[in-house]
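Heads up, the sequence shown is in the numbering used here, so the first residue is 43 and it goes up one at a time.
For every residue, glycine included, the Cβ atom is placed at its ideal position computed from N, Cα and C.
Predicted, not measured: the structure shown is a model, and the values here were computed from it.
All remarks here apply to the structure that follows.
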Amino acid sequence: MASSSLTQGLALLAAAVEQERSARPGVTASRLAEYTGIERSRVSRLSRELSERRLLERDGDALFTAGAEFFRTAAALNVSWLRESRVALRSLASALGMNAFITVAEGVRGVVLRHETAAEGPDRSLRDGLVTPIWCTGAGRALLWDHGRADIETLLRDVQFVGVGGPTAPRSADEVERMQERDRAAGLISAREEYDQGVDEFALPIRHGGAVIASIAVRGRHTAKGPSRRTRMLLEQFSQQLSDIAERG
């Protein structure tokens, strides 16, 4: 799915799941359009694609409910490290006055799974399910921590860099690789005004079995001095803590 389609697909899934939580017998495509504000023809196309992926199921009365793949994915996400991440995110938001969030990879995009918004955080649009580019955000580039040059070139082969991101966003796979080399050497992904002007994002990967499975990031107002020592320390602490929990299962 394209970024906009993925976001709308998540909205349709959320509406169908909410219907089930209310003990109602499913929802029609027309109702999904009404609940989500997505036009009816697009709901039909997206719901068909979600059904093909078994994320939605359609019965003989044309009622949609959450599908088997949705519950399988939900069960996979209901893991100890993700549950524990709520405490970590709250601690980061409170201590740093920055928005904090967990992101996973979806192709060339990152999808926010959990978030905590600081009272003074600059970005009120942050939400669970938010989709952003993987190559010009701190959270996204942390997901690419282990990617070599060939991996990055393959992943970003079809990406249109122009017009996406903020004033310091990379405009080629080569630029992404140079940023990765710089930040790996520094031990912290530092995306300063990469996605939005006036906003900085700092992040580290979360690992399981040695592989990157997610990232933990903070997002706040741009400063000339870059990440503080406290920002670095807390991100290192919580990325390691969540990685340790993931290893224990």
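Exposure of T273, with buried meaning 16 or more beta-carbon neighbours within 10 Å
It is buried - the Cβ of T273 has at least 16 other Cβ atoms within 10 Å.
Residue from L277, E243, P175, L105 whose Cα sits closest to the Cα of E148:
The closest CA to that of E148, considering only L277, E243, P175, L105, is found on P175.
Indicate the three-state DSSP secondary structure (helix, strand or coil) for I194 in the structure shown.
In the three-state DSSP reduction, I194 falls in the helix class (H, G or I).
What's the gap between the Cα of T265 and the Cα of D238?
For T265 and D238, the distance between alpha carbons rounds to 13 Å.
Helix, strand or coil: how does DSSP classify E235 here?
Assigned with DSSP and collapsed to three states, E235 falls in coil, not helix or strand.
Taking R263 as part of the beta strand (DSSP E), name the residues at either end of that continuous run.
Segment 253-263, the beta strand (DSSP E) holding R263.
For F106, three-class secondary structure by DSSP
In the three-state DSSP reduction, F106 falls in the strand class (E or B).
I'd like to know whether the C-beta atoms of A53 and F143 end up nearer to each other than 8 Å.
No, the pair does not count as a contact, with Cβ atoms beyond the cut-off.
Which whole-angstrom value describes the C-beta separation of A110 and R96, a residue pair presumed to lie in contact below a C-beta threshold of 8 Å?
Right, their Cβ atoms sit about 5 Å apart.
On the three-state DSSP scale, how would you describe I287?
I287 falls in the helix class under three-state DSSP.
Does the beta-carbon distance from V173 to L198 come in below 8 Å?
Taking 8 Å as the Cβ cut-off, V173 and L198 do not qualify as a contacting pair.
State the DSSP-derived secondary structure class of T174, mapped to helix, strand or coil.
Strand at T174.
Just reading off the beta strand (DSSP E) that T145 is part of, what are its end residues?
Segment 141-148, the beta strand (DSSP E) holding T145.
Tell me the residue span of the beta strand (DSSP E) that contains E326.
Not covered by the structure: residue 326. The range shown for the chain is 43 to 291.
Alpha carbon to alpha carbon, how far is T159 from W123? Give it in angstroms, no decimals.
Going from the Cα of W123 to the Cα of T159 covers about 20 Å.
Is the separation between the beta-carbon of S232 and that of L185 shorter than 8 Å?
Between S232 and L185, the C-beta gap is not smaller than 8 Å, which leaves the two residues out of contact.
Tell me which residue opens and which closes the alpha helix (DSSP H) that R84 is part of.
First-last of the alpha helix (DSSP H) with R84: 82-94.
Can you give the Cα-Cα distance for G292 and A161, rounded to whole angstroms?
Beyond the ends of the chain as shown, which are 43 and 291, falls residue 292; an answer cannot be given.
Between which two residues does the beta strand (DSSP E) holding V324 run?
As shown, the chain starts at 43 and ends at 291. That puts residue 324 outside it, with no answer to give.
Give the DSSP-derived three-state secondary structure of F244 in the structure shown.
Reduced to three states, the DSSP call for F244 is strand.
R100 - partner residues in DSSP beta bridges
Its beta-bridge partners are F106.
In terms of residues, what are the limits of the alpha helix (DSSP H) holding L134?
Counting along the chain, the alpha helix (DSSP H) containing L134 begins and ends at 122-138.
Proximity to G47 [Cα-Cα], best of R151, L246, Q222:
Looking at the sequence provided, one finds Ser at residue 47 rather than Gly. Check the Cα spacing between S47 and each of R151, L246, Q222: the tightest is with R151.
Locate the alpha helix (DSSP H) running through G182, then write down its first and last residues.
Where G182 is concerned, the enclosing alpha helix (DSSP H) stretches over 180-185.
Residue nearest to R166 in terms of C-alpha spacing, selected from Q282, R226, R261
Closest option to R166, Cα to Cα, is R261.
Residues bridged to R249 by DSSP?
Beta bridge pairing from DSSP links R249 with V254.
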